[in-house]
Structures are given as C-alpha cells and as structure tokens.
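What follows is one structure encoded as structure tokens, with my remarks underneath.
There are 2 protein chains.
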Amino acid sequence: MRILIVGLGVVGGSYAMALKEAGYEDVYGLDTDLDTLKKAENLRIIKKGYIDGTDIVEKCDLIILSIYPRLVKKFIQDNKNRFKKGTVITDATGIKEMFINDILEILPSNVDFIFGHPMAGREKKGIDYASSKVFKGANYLITTIDSNKEENIKLIEKLAYNIGFKKVRRITPKYHDEMISFTSQLPHAIAVALINSDEEGRDTGSFIGDSYRDLTRIANINEELWSELFLGNKSNLIKVIDEFEVELKKIKIALENNNNKCLKELFVKSTKRREKL
Amino acid sequence: MRILIVGLGVVGGSYAMALKEAGYEDVYGLDTDLDTLKKAENLRIIKKGYIDGTDIVEKCDLIILSIYPRLVKKFIQDNKNRFKKGTVITDATGIKEMFINDILEILPSNVDFIFGHPMAGREKKGIDYASSKVFKGANYLITTIDSNKEENIKLIEKLAYNIGFKKVRRITPKYHDEMISFTSQLPHAIAVALINSDEEGRDTGSFIGDSYRDLTRIANINEELWSELFLGNKSNLIKVIDEFEVELKKIKIALENNNNKCLKELFVKSTKRREKL
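If you read the protein sequences in the order shown, they are chains B and S.
Using the UniProt record's numbering, the letters of the first sequence map in sequence onto residues 1 to 277.
Using the UniProt record's numbering, the letters of the second sequence map in sequence onto residues 1 to 277.
Okay, here's the thing in structure tokens:
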C-alpha cells in the first residue's frame, strides 16, 4: 500500500514517524514548504517529498490529509482528476459535520473518504515538533458516512491501532461535533479566556504553580487552525460555553452566600467525575 | 536546629522528604494519625512521630505547619504555653490576609510566625502521595508582617531554596491573596465547573485528548481544604471569576458574530502571554 501524507506539519510529521515505526515503508509526503520536505526526507520518514500532487497523487492507495480544514476542500478540487480509482482518503480534522457536508459536494465518486480524528496533537506548529509518541494510548474517532466501504473503514481502524492509538471508535459526525465541542474546543476557549483575563504587566510567573501552568498550556494556540475549528462548530461550542458558565456561576453564588456546604458538594462531584475518567 | 513538621499529609510529608534530602537531620513529626506517623518513621524522614504536642513542641526551634487553615489557629491555641522563646513558625497555607489577621489575635509574643506559601502540591491527599520532587523549581511566597525578624525571614528563605524551590519572593498578604485568587483558586474553580458541566452518563473518556485531561486534573480536589481557601479569599476570587467571564464572553460573541478576525486576535494574545510565562 502506497501512502501519501499531505501536510507534514506537527500532525502529518507525527503520522510519518509513527507509520515508519509501525513498519509502513512506502510513504510519501506532499507539502508546500521545501524545507519541511527536505527535513522529512533526511529523517527518512518519507521516501520522497513533493511540492504538488501532479506526479504522486495518482500513484497512491491511501492519502492522509493533515492540513487546515479549508485546505482539504482545495486539495480535493485541485486533484480530483488525479485520484486512482478506489483510493482511500482520510483526514485529521477536529470538526466533522459541516466540514464533511462541504467536502461531499465536490468529492469524486471513485474515492472513499473515511473521515477520522486522531485525538492527539501539540500546541506547537511544524515538523520540528512532530513525534510518534503523541499517538500512543490516545483516542481515535472515525465519523462514518453512508457511502464508506466497510473494508476501508477497517483499513483506517487497523492503521490507527498500528500507529499506537489505544481506542478507535466509530460515531456519527453530529455526535462527534457535540462531544468535541465539550472535550476539545471548550477547554481551549477556557484556557484562552483564563490567560487573557490576567491584568497586563503583572509578574504573574512568580505566583504560579502547576495548576495555572496546566490550565494555560493550550492557550498557546494556532490561531489559523482553531478559529476555523471554533467557527465550524459554533452552535455546539456556544452551547457548552453556556453550560460551563452555569456551573461556574454555581461556585460564585456559593461564595457570595458563604455556602460552604454547596462548595463542598460541587468539589465532591467534580472529584468523583475526575476519578472516573 | 530542631524542626517539627505538624501534619504529615501530602505537603508535610513532602517537606519531611525534602528536608532529609537537603541534609536536615533533626526533624520530628506531629500528626493525629498513628499510621501516618509510623510510615514517616519507617521512611526515616522523621526521627520520631508524636500524636500531640505535649513532649515535643517546647523542644523545637522551627515549626512547619502543613495542616488545614482552621487547624493552624487551633494548634497555636493548644500549644501557646509550650513554645520555646524565639521559636520560628511557618505554614503552607494558600490564603493569607484574613488568615493572618485571625492568627495574630492569639499568637504569643515570644514566637515569630513567618507566613509562607510553597506553590506546590498535588491533587491527592496523604503521605503516600508525598514527594520531595514537587518542590523542585517551584515558587515560594513569603508574606511578611511588621513583627517578623529579618533573620527569621532569611532562615525560611534559605530553607526554601535548600529544599528545592527556585524562586522565593516576599510580598504583602494582600497582594498574595490577589495574585493567588487568579493563579490558583480561579483555575481550580474553572476545572471544577468544566467537569461538572459535562452531561451525566456520557462516555466522555472516549472523546478526550490531553487538553481535557490537563484542564480537569485539579477537579480532583480536597473539598475540606479548598472550600476553606475559596471562602477565605472570596472577594478576590469573585472578582477574578468576573474578569474571566468577561474574556470568555468575548469568545462567545465572536462566535455568534462569525468574527474570525476577533477570534484570531484573542488567540494571538493568549499565545503571546503563554509564551512569556
């Protein structure tokens, strides 16, 4: 099976490394950045790098897209006459419902797009931060659509396990976006709001412990990617922000009322839930 | 210098371990739990454990209190006639202003209480989770009061550096509580609200990545301790919750207005601030 990774950033680079470790040999890379392709070639995590799809897309059986959501559509459009019949395409996009509908408008009928979401990433950009380790033990979500062939879904599932993911689940795009708004986008919104609510110019660094460090790690955020993810899942995200605000207000009201009992109940609930995770 | 650690829980136990590693030999423990004392003796991190202060308090030069805030006052009261003249007392309490005023009402004049806050801890309780590692590279805050002797403040500073803290700062109790409401209590409130806002009974664990894990780690929270800390610093905490809510609302409004530009600006700001940390 010949594999093409499109976009050798932090996620695509990690794919290339993990595929190599898992014994996949016939792996190629496509990226607009020559330096990145050179690095990937020098690391021997791809056989050869390409700056556009002209010579390589038609030769590949599996294409892994790890590029910004809006570039996925562009890639499909630019290469629609190049795909080999039966090519399997998969992606790493963090939102699904609106995104999939958008892609399906232009997807050629001779390819099978298995939409996937590896729940692993890093706050940094670029191949220099790539590492196969990020996939180890992580969750992988597949959002199937009616036209997907079972054998192709199985191929992606197997590949996910082979490169280190621990749990692979099939779900609907709608459910994916509901869950992800809560488990991924809401935490990012919170981290951004937390650090942005600091007063300008204070020496906050002298007053922090692990809790502040942990809660703001993802406030270091790729603004191009995450603005797309947020807006592409906005109704779900607004809903979970609202629900979060309700819970935060409970704490505030307990404080205002000196309600020690209520505070403790909220803490006991959160502790139980965290221990269950 | 003979040292007594009062409360051999996760913080006190970590103190005992770190003191031993730093070469302090004459260290004793006081705890209401016999098992804990036995464990500490077996680990040889204390010379001997005591279940009450009768025989040991009067013999010590430095007393480190790592017990719940409300128990600090009780300890002082119970032992006020036992302290040796010139004994230095320090603590590990996460709030200071109201707490210090409370203690000063009953503090005997023959001891010097250097109020301290080691910014290190763990979400778990008890000596089994103690580790000297938590102090390594961490921040230590000393909130001085007028009656403190310079030589005693220096003693605590030196001890903090000796057991692994990287940065020791002297600040006022008022400023301490302002900063800590933001860097410590607000993150805990957020983590609790985040996990409590999850819908009951979902298999959330299959949909999480590192971001949700990081942001909810401290939702596993000691409800006795943290309800005291929250209520003991309530006006500061309510203020920073309000400020956080304003920032979160900016994100929500940008989403509602499909304002990609505004979202990106918020992300660029948070990224810059995080990189500066």
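Heads up, the beta-carbon is just placed ideally off N, CA and C, and yes, glycines get one too.
Item	Value
Please list, in chain order, the chain B residues whose beta carbon lies closer than 9 Å to that of Met98 (chain S).	Residues of chain B passing the Cβ test: none, with the nearest at roughly 13 Å.
State the DSSP-derived secondary structure class of Phe165 (chain B), mapped to helix, strand or coil.	coil
With C-beta atoms as the reference, is Ile5 (chain S) less than 7 Å away from Ala16 (chain S)?	yes
So is Leu229 (chain B) buried or exposed if we call it buried at 16+ other beta carbons inside 10 Å?	buried
Which bits of chain B does Tyr50 (chain S) rub up against, with CB to CB less than 7 Å?	Near Tyr50 (chain S) there are no residues of chain B at all, since even the closest Cβ is about 30 Å away, more than 7 Å.
Flag this pair as touching only if the segment 189-202 of chain B and the segment 184-193 of chain S have three or more C-beta atom pairs under 8 Å; answer yes or no.	yes
Using only CA atoms, which one of B:Ile190, B:Lys174, B:Ala130 lies nearest to Phe244 (chain B)?	B:Ile190
Compare the C-beta of Met179 (chain B) with all C-beta atoms of chain S and state if any pair is closer than 7 Å.	yes
Could you tell me whether any Cβ in chain S is nearer than 7 Å to the Cβ of Ile218 (chain B)?	yes
Out of curiosity, what's the CA-to-CA distance linking Gly201 (chain B) and Ile103 (chain S)?	33 Å
Can you confirm whether Lys269 (chain B), when its beta carbon is compared against all beta carbons of chain S, has any partner nearer than 7 Å?	yes
Arg170 (chain B) by DSSP, collapsed to three states: which one?	strand
Cutting at 7 Å between CB atoms, please list the residues of its own chain near Ala18 (chain B), excluding the five before and the five after it.	Ser132, Phe135, Ile163, Gly164
Does the segment 172-182 of chain S come close enough to the segment 203-212 of chain S to have 3 or more Cβ pairs within less than 8 Å?	no
What is the residue span of the alpha helix (DSSP H) that Pro187 (chain S) lies within?	186-196
What's the C-alpha gap between Lys154 (chain S) and Ile171 (chain S)?	14 Å
Counting only Cβ-Cβ distances shorter than 7 Å, please list the residues of the segment 3-35 of chain B near chain S, keeping chain order.	none
Three-state secondary structure (DSSP) at Val111 (chain B)?	coil
Using 8 Å as the Cβ pair cut-off and three pairs as the minimum, do the segment 79-86 of chain B and the segment 53-61 of chain B touch?	yes
Any idea which residues DSSP pairs Asp91 (chain S) with across the strands?	S:Leu65
In or out: Arg44 (chain B) buried (at least 16 other Cβ within 10 Å) or exposed?	exposed
Check whether the Cβ of Ser212 (chain S) lies closer than 7 Å to any Cβ atom in chain B.	Sequence inspection shows Tyr at residue 212 (chain S); the Ser mentioned does not correspond to that position. Yes, its Cβ sits closer than 7 Å to a Cβ of chain B.
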